[in-house]
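Using this note's numbering, the first residue of the sequence shown is number 200, and each one after it goes up by one. Note that CB positions come from ideal geometry on N, CA and C, so glycine has one too. These numbers were taken from a predicted model, which means no experiment stands behind them. Data first, discussion second: the structure below is written as structure tokens.
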Amino acid sequence: MAVAGKLRGEQYHTVAVIGDGALTGGMAYEALNHAGALQVPLIVVLNDNEMSIAPNVGALAKYLTRIRTDARYRHAKAEVERLLRRLPQGERLVELSHRFLDGLKEVVYRTMIWEELGFTYIGPIDGHNLRELIETFQLVKTIPGPVFVHVLTVKGKGYQPAEHDPFKHHSAAVKVPGAPPSPPRYQDVFGETLVQLAAKDPRIVAITAAMPDGTGLLPFAAAYPDRFFDVGIAEQHAVTFAAGLATQGLRPVCAIYSTFLQRAYDQVIHDVCIQKLPVVFAMDRAGLVGEDGRTHHGVFDVAYLRCIPHMVLMAPKDEDELRHMLATAIAYEDGPIALRYPRGSGVGVPLLGEPRVLPIGRGELLREGPDVAIVALGATVLPAERAADILAEHGIRATVINARFVKPLDRSLILDAARECGCVVTVEEAQLAGGFGSAVLEALNDADLRVPVLRIGLPDRFFDHASQASLRRQAGIDAESIAQRTLAFLTAQGRVTSPATER
Numbered sequence: 200m201a202v203a204g205k206l207r208g209e210q211y212h213t214v215a216v217i218g219d220g221a222l223t224g225g226m227a228y229e230a231l232n233h234a235g236a237l238q239v240p241l242i243v244v245l246n247d248n249e250m251s252i253a254p255n256v257g258a259l260a261k262y263l264t265r266i267r268t269d270a271r272y273r274h275a276k277a278e279v280e281r282l283l284r285r286l287p288q289g290e291r292l293v294e295l296s297h298r299f300l301d302g303l304k305e306v307v308y309r310t311m312i313w314e315e316l317g318f319t320y321i322g323p324i325d326g327h328n329l330r331e332l333i334e335t336f337q338l339v340k341t342i343p344g345p346v347f348v349h350v351l352t353v354k355g356k357g358y359q360p361a362e363h364d365p366f367k368h369h370s371a372a373v374k375v376p377g378a379p380p381s382p383p384r385y386q387d388v389f390g391e392t393l394v395q396l397a398a399k400d401p402r403i404v405a406i407t408a409a410m411p412d413g414t415g416l417l418p419f420a421a422a423y424p425d426r427f428f429d430v431g432i433a434e435q436h437a438v439t440f441a442a443g444l445a446t447q448g449l450r451p452v453c454a455i456y457s458t459f460l461q462r463a464y465d466q467v468i469h470d471v472c473i474q475k476l477p478v479v480f481a482m483d484r485a486g487l488v489g490e491d492g493r494t495h496h497g498v499f500d501v502a503y504l505r506c507i508p509h510m511v512l513m514a515p516k517d518e519d520e521l522r523h524m525l526a527t528a529i530a531y532e533d534g535p536i537a538l539r540y541p542r543g544s545g546v547g548v549p550l551l552g553e554p555r556v557l558p559i560g561r562g563e564l565l566r567e568g569p570d571v572a573i574v575a576l577g578a579t580v581l582p583a584e585r586a587a588d589i590l591a592e593h594g595i596r597a598t599v600i601n602a603r604f605v606k607p608l609d610r611s612l613i614l615d616a617a618r619e620c621g622c623v624v625t626v627e628e629a630q631l632a633g634g635f636g637s638a639v640l641e642a643l644n645d646a647d648l649r650v651p652v653l654r655i656g657l658p659d660r661f662f663d664h665a666s667q668a669s670l671r672r673q674a675g676i677d678a679e680s681i682a683q684r685t686l687a688f689l690t691a692q693g694r695v696t697s698p699a700t701e702r
């Protein structure tokens with residue numbers, strides 16, 4: 200934007216605001232390096248609150264919060280001390296100089312990296328002092344070229360509970376007083392199961408990209424601090440780091456929100472899949488995530504992962520099956536494997552027995568009926584079963600299959616059901632284009648099996664903020680919508696008589 204204004208001959212300042220947590224990502228430095236070279240009127244505001252969502256990690260965080268010495272400072276300090284000691288009361292003067300040079304060190308160090316990148320450094324500024332901020336930005340507009348403004352803030356400022364616990368209040372959900380307790384979250388089941396498996400397998404290590412709480416990995420971090428790695432907001436590095444660990448015989452579990460794994464797609468292909476390394480991708484927040492909005496919905500992973508050679512992709516129908524899929528992923532030796540699971544509470548099934556290994560590429564036949572085969576993936580399995588109950592009220596007997604695996608697909612189970620029923624409905628909480636339904640269509644085509652297919656999933660649009668239940672109704676993947684759309688599909692195929700015809 201700043202370059203466009205310069206090319207058009209327009210005079211304005213472009214302001215980019217970035218949090219200190221986001222500075223752990225490589226793209227930020229690519230842009231800073233480029234902007235410094237271009238010398239355009241760009242103002243970069245660093246909101247430094249020492250937190251992203253979890254506390255910042257890595258060398259940069261320490262850089263911003265703990266002043267260290269550099270060569271220039273050490274040289275200046277040694278020279279001043281040498282001169283002062285030649286004077287009367289020199290030792291006293293040296294002590295005073297230490298205090299002065301500590302302040303000088305802070306100024307030199309803070310400005311050093313930004314000035315080297317071609318920016319004029321201003322700061323640090325109190326981000327909660329409006330008068331100081333206004334005066335600073337008025338000054339900054341008079342400085343030619345790119346300017347870096349370092350603003351210090353407190354995360355959750357003004358709301359004491361949020362100031363005390365930024366973790367908990369980063370994305371606080373609405374609570375209904377008096378509501379019955381919810382089943383455990385998928386994230387909690389994942390984290391507890393990983394701790395359980397790690398107790399028996401010392402190869403297991405866990406990696407997250409600045410989401411230790413959101414991904415449910417805090418219990419693992421507490422139990423195995425030496426085997427837990429928070430790399431910061433740096434998904435690309437997280438994936439390649441996991442690949443490196445896998446080359447040395449470890450079993451890395453890379454827990455990343457589905458939408459953020461997109462940032463590391465190149466690394467997934469080049470550093471993991473081409474090498475056929477046994478990295479486990481735990482894709483949290485798969486599907487419609489609710490109030491976090493269009494940037495956080497994890498709806499593209501099925502399409503972008505199933506096309507990669509060597510990748511295995513699965514999705515649990517409930518929180519208990521998640522346990523078994525995690526055990527399956529850890530036991531899988533032949534390459535990378537990914538499991539996608541939704542945000543929030545499970546469906547309330549009991550968690551019984553030890554996590555067991557599932558056969559790769561095998562689905563689950565939940566019920567049999569001759570009229571239509573409903574093949575559902577992951578979080579849509581339970582709605583598909585409920586839809587089958589609704590269809591039964593209309594005299595339609597449905598086969599319901601829990602696909603479990605997108606890749607490899609259980610072709611035998613699905614093709615047998617298609618032959619038996621003569622028509623197929625697929626259901627998924629993911630984009631239809633290139634998704635699970637497309638995989639089923641490909642299997643039918645490869646088998647030269649020509650049966651009508653209805654694909655139910657997310658349409659070609661972005662979804663905004665709303666509750667998960669509301670979004671699923673909007674997308675037509677709730678139980679009632681699945682039943683209505685299946686009934687309309689069967690009616691159009693002449694397989695059932697419409698209510699209007701019956702009258």
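- Under the DSSP assignment, E334 falls in the alpha helix (DSSP H) whose first and last residues are 329-339.
- Assignment of K205 by DSSP, reduced to helix, strand and coil, places it in the helix class.
- Across the structure, I342 and L351 are spaced so that their CA atoms are roughly 21 Å apart.
- Residue burial annotation: R207 is exposed, with fewer than 16 other C-beta atoms found within 10 angstroms of its C-beta.
- A direct Cα-Cα distance of roughly 31 Å separates L460 from P345.
- In the structure shown, D500 adopts helical secondary structure according to DSSP, grouped into three states.
- Measuring C-alpha to C-alpha distances from L565 to each of Y385, R462, R585, L640 identifies R585 as the nearest.
- If you look at F635, you'll find it in the alpha helix (DSSP H) that goes 635-645.
- Apart from sequence neighbours up to five positions away, no residue of its chain approaches R285 with a beta-carbon distance below 7 Å.
- For V511 against I473, the beta-carbon gap comes to about 15 Å, at or over 8 Å, which does not count as contact.
- A straight-line Cα-Cα distance of about 7 Å links A227 and A221.
- Across the structure, A682 and T690 are spaced so that their CA atoms are roughly 12 Å apart.
- Distance between G560 and L653, taken at the CA atoms: about 23 Å.
- Here the C-alpha atom of A215 lies approximately 40 Å from the C-alpha atom of L525.
- Annotation for M226: the continuous alpha helix (DSSP H) segment containing it runs 225-237.
- Cβ contact annotation for Q435 (same chain, cutoff 7 Å, sequence separation greater than five): G225, R462, A463, Q466, in chain order.
- If you draw a straight line from the Cα of T335 to the Cα of H327, it comes to about 13 Å.
- Counting the other CB atoms within 10 Å of its CB gives N232 a total below 16, which places it among the exposed residues.
- Cβ neighbours of E532 within its own chain (closer than 7 Å, five residues either side excluded): P477.
- Bounds of the alpha helix (DSSP H) holding E592 are 580-592.
- Distance from the Cα of D412 is smallest, within the candidate group V404, G204, R384, for R384.
- Judged by beta-carbon spacing, A441 lies within the 7 Å limit of I406, meaning their Cβ atoms are closer than that value.
- If you draw a straight line from the Cα of H349 to the Cα of N246, it is about 7 Å long.
- Of the residues assessed, R450 falls on the buried side of the cut-off, its CB having 16 or more other CB atoms within 10 angstroms.
- Between T414 and P554, the gap from beta carbon to beta carbon reaches 7 Å or more.
- Beyond the five residues adjoining it in sequence on each side, G492 comes within less than 7 Å, by CB distance, of D663, H664 in the same chain, given in chain order.
- With contacts defined by Cβ atoms closer than 7 Å, R603 and G562 form a contacting pair.
- Look at Y540 here: in three-state DSSP terms it is coil, with no helix or strand label.
- Here P607 has G560 as same chain residues with Cβ atoms under 6 Å from its own Cβ, once five neighbours each way along the sequence are excluded.
- Bridge partners of T407 according to DSSP: D429, A454.
- For the set V430, A514, A617, P508, the Cα lying nearest the Cα of V498 is the one of A514.
- Going by C-alpha positions, C620 is about 34 Å away from S457.
- Straight through space, the alpha carbons of I573 and F635 are spaced by roughly 13 Å.
- When only Cα atoms are considered, L631 and L670 end up about 16 Å apart.
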